[in-house]
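Worksheet for the structure shown next.
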DNA sequence: CGCCAGGTTGTTG
DNA sequence: CAACAACATGGC
């Protein structure tokens, strides 16, 4: 039998502990505070999460941290502040995240939306229905399903499950047929099997990222808490796919 | 030097 | 609708 989604959560939760997502950047470092799960995000925090969700598209968080730090130093991490920057100027400030021209434009599009429909306050979206809010986000250029759901779940506190590349990879390793299904179908699987609990969804997605880092395209099965349930683990050990850094150097020489 | 990272959009069969 | 290119920096 394959692991149920509830069992999977328990295993990851015990292996990695509380993740306290989504982080807020302060003094150049990311803070993962317990209080985030005990109160609603402030408008300022919600905006930072919104921007961060765009910046982190196909990029490491470390680079997003740098960009957010620069935006704070320049004191432009606000709807008005960002709209007062030219897209070129904004692009320069977020350069480390890559795709900076596109992302600068994406940020402007979102900020114009916030200024026009929400008085510049993302938290006002909490009075919308989940369906309306999600539809509005997806209509914005630069916001796809994962970014929309990250904003809904982490900035606004809607009970939506965030699906990402790691989610697919892990589920595939565990033998789930749905792993390659379209985004909404995979999301439906989680909504169907788990209670609509915001805190659970926030932690669960963060845990997928945590375990996903040990199970990249270079699997490190010996450090993975899922190895005994994982299809690939056995194959990798037998086929010698998992290499130590030393072995990898040897491979390159020959 | 090559591959990859908490995706999205536009183009093509 | 699936497959693919383009977008681009930083870390290992």
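Residue numbers (our numbering): 54 to 307. Cβ atoms here follow ideal geometry from the backbone N, Cα and C, with glycine treated the same way. From a predicted model like this one, the values you see are computed outputs, not experimental measurements.
From the listed residues 204, 272, 209, 153, the smallest Cα separation to residue 180 is found for 209. Listed in chain order, the alpha helix (DSSP H) runs fully inside the region 148 to 220 are 153 to 170, 183 to 192, 198 to 203, counting runs of at least 4 residues.
Here residue 136 has 164 as same chain residues with Cβ atoms under 6 Å from its own Cβ, once five neighbours each way along the sequence are excluded. With contacts defined as CB atoms closer than 7 Å, residue 146 and residue 171 fail to qualify as a contacting pair. Nearest C-alpha to residue 69 among 285, 272, 271, 266: 266. Beta-bridge partners assigned by DSSP to residue 272: 268. Beta-bridge analysis with DSSP links residue 110 to no other residue. Around the beta carbon of residue 75, a 10 Å sphere encloses 16 or more other beta carbons of the protein chains shown; the residue is thus reported as buried.
In the same chain as residue 107, and ignoring 5 residues on each side of it, the C-beta atoms closer than 8 Å to its own belong to 156, 159, 160, 163, 195, 196, 200, in chain order.
In the same chain as residue 259, and ignoring 5 residues on each side of it, the C-beta atoms closer than 6 Å to its own belong to 72, 74, in chain order. Beta-bridge partners of residue 83 (DSSP): 78. Between residue 66 and residue 256, the beta carbon gap of about 7 Å places them in contact (Cβ cut-off 8 Å). In this structure, residue 249 sits away from residue 278, with a CB-CB distance that is not shorter than 7 Å. DSSP places residue 146 inside the alpha helix (DSSP H), whose first and last residues are 140 to 146. For residue 214 against residue 188, the beta-carbon gap comes to about 17 Å, at or over 8 Å, which does not count as contact.
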